[in-house]
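As structure tokens, this is what we get:
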């Protein structure tokens, strides 16, 4: 019984002698990674056991042969424990980073949703107020002459088109964010899609004295869903026209290199402030007043700050990528897509 108590005392003394410095070490590791904490804890534990075995051996309670056997077993167990601790720490560290990134994405998404609701509420309130005022004027016969009535009808149609465009953008964005977008990939001549988009955008560009310039040859064939690809090109053109001043130029060029097919849309908007470049594709981000067009200039579409967010979502759904840089007198949007 006395020997048992003595063995226990020696083991505890060895554990305390290692445990106290070990506690200081673990405290010093507070700012380090999970892997460092787990590895440090295992090192302290194994060293404490080793101190107890050496202490018992020095007190002559075990023979040299038994001591060597214990040390060999302890060394093998220590190697396995430390290896497992390192692996587990790396895994927990990755999971912790992933969880933090997921929480950060969720926070950003929630902030974007709140901002989107605010933007949409504003963009719907303005045309709805105008529609109501014009409808009441027509109903009360405040405007009764044929020319005035026709003008009000035209303006009502314009406001209705604006709201329809905004609702379409919201629907498209919800499909992208919900993962409900299903692409039917085919071989699509990029030049044909660009030609149709230019034809649709030409009246708005001409009204603002903006030249649309595009190369006639060298357009590649891409692997894409044609309706979504047409939406990508149309949104980029509308965005470029919207921010390009009078007598400016919007240039669209395409080609193919070893990384796949590419398409660029360059405008003369004056550039985007460098801090805003990473946010250009965010939902409801408009960059105002950084890229504001001339005051008082009519627009073919005011947009809801969703066009470029839709572009990014559709491009990424195709397995491509989109980026923007300042170039020359404006900025250049580049879309990369898989070749057909």
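Numbering (our numbering), first residue to last: 2 to 341. By construction, the Cβ of each residue, glycine as well, lies at the ideal position given by its N, Cα and C atoms. Bear in mind that the values here come from a model prediction, so they are computed numbers and not experimental data.
Where the beta strand (DSSP E) through residue i begins and ends
i	result
residue 344	Nothing can be reported for residue 344: it is not among the residues displayed for the chain, which extend from 2 to 341.
residue 255	250-258
residue 338	331-338
residue 325	322-328
residue 223	222-225
Simplified DSSP assignment, three categories, for residue i
i	result
residue 146	coil
residue 304	With a pLDDT of 49 at residue 304, under the threshold of 50, the modelled position of that residue is not reliable, and the figure given next carries that caveat. Looking at residue 304 - three-state DSSP - the assignment turns out to be coil, as it is neither helix nor strand.
residue 341	coil
residue 28	helix
residue 215	strand
residue 136	helix
residue 1	Nothing in the structure corresponds to residue 1, since the chain is present only between 2 and 341.
residue 245	coil
residue 294	Low confidence applies to residue 294: its pLDDT is 42, below 50, so where it sits in the model is not reliable, and the reading given next is rough at best. Coil.
residue 91	helix
residue 183	coil
residue 188	strand
residue 69	helix
residue 281	coil
residue 273	coil
residue 319	coil
residue 1	Residue coverage of the chain in this structure runs from 2 to 341, which leaves residue 1 outside it and unanswerable.
residue 64	coil
residue 141	coil
residue 299	For residue 299, the predicted model reports a pLDDT of 39, less than 50, meaning its position is unreliable; a value from the coordinates is still stated below. If DSSP states are grouped into helix, strand and coil, residue 299 belongs with coil.
Exposure of residue i, with buried meaning 16 or more beta-carbon neighbours within 10 Å
i	result
residue 297	Unreliable placement is indicated for residue 297, whose pLDDT of 39 sits below 50; the coordinate value is still reported in the next sentence. Label assigned to residue 297: exposed.
residue 146	exposed
residue 319	buried
residue 88	exposed
residue 312	buried
residue 323	buried
residue 385	Absent from the structure is residue 385, since the part of the chain shown begins at 2 and ends at 341.
residue 338	buried
residue 218	exposed
residue 65	exposed
residue 268	buried
residue 225	buried
residue 154	exposed
residue 128	buried
residue 206	buried
residue 5	exposed
residue 180	exposed
residue 104	exposed
residue 284	buried
residue 292	Because the pLDDT at residue 292 is just 42, under 50, the model does not fix this residue reliably, and the value given afterwards should be weighed accordingly. The residue is buried, with at least 16 neighbouring Cβ atoms inside 10 Å.
residue 165	exposed
residue 210	exposed
residue 33	exposed
Extent of the continuous alpha helix (DSSP H) to which residue i belongs
i	result
residue 195	191-208
CB-CB length for residue i against residue j, believed under 8 Å
i	j	result
residue 262	residue 221	4 Å
residue 315	residue 233	5 Å
residue 188	residue 341	4 Å
residue 150	residue 143	With 8 Å as the limit, residue 150 and residue 143 do not qualify as a contact, their Cβ atoms being about 11 Å apart.
residue 255	residue 191	5 Å
residue 336	residue 264	5 Å
residue 42	residue 82	At roughly 10 Å, the Cβ-Cβ gap does not stay under 8 Å, so residue 42 and residue 82 are not in contact.
residue 238	residue 202	5 Å
residue 56	residue 14	7 Å
residue 309	residue 266	Wrong, their Cβ atoms sit about 11 Å apart, outside the cutoff.
residue 54	residue 75	6 Å
Closer than 8 Å: residue i CB and nearest the ligand NAD heavy atom
i	result
residue 235	In the structure on display, the ligand NAD does not appear, and there are no ligands present to speak of.
With contact counted as at least three CB pairs below 8 Å, one residue from each stretch, are the stretch 146-163 and the stretch 190-197 in contact? The answer is no - the stretch 190-197 does not touch the stretch 146-163, with fewer than three Cβ pairs under 8 Å.
Contact between the stretch 117-127 and the stretch 64-79: three or more CB pairs below 8 Å? Taking 8 Å as the limit for Cβ pairs, the verdict is that the stretch 64-79 does not touch the stretch 117-127.
Is the stretch 169-186 in contact with the stretch 205-215, if contact means three or more CB pairs nearer than 8 Å? With a cut-off of 8 Å on Cβ pairs, the stretch 169-186 is not in contact with the stretch 205-215, counting fewer than three such pairs.
Three CB pairs or more closer than 8 Å across the stretch 249-264 and the stretch 273-280: By the Cβ rule, the stretch 249-264 does not count as touching the stretch 273-280, because fewer than three pairs are nearer than 8 Å.
On the three-pair Cβ rule with 8 Å, is the stretch 43-52 touching the stretch 94-108? At 8 Å Cβ cutoff, the stretches do not touch.
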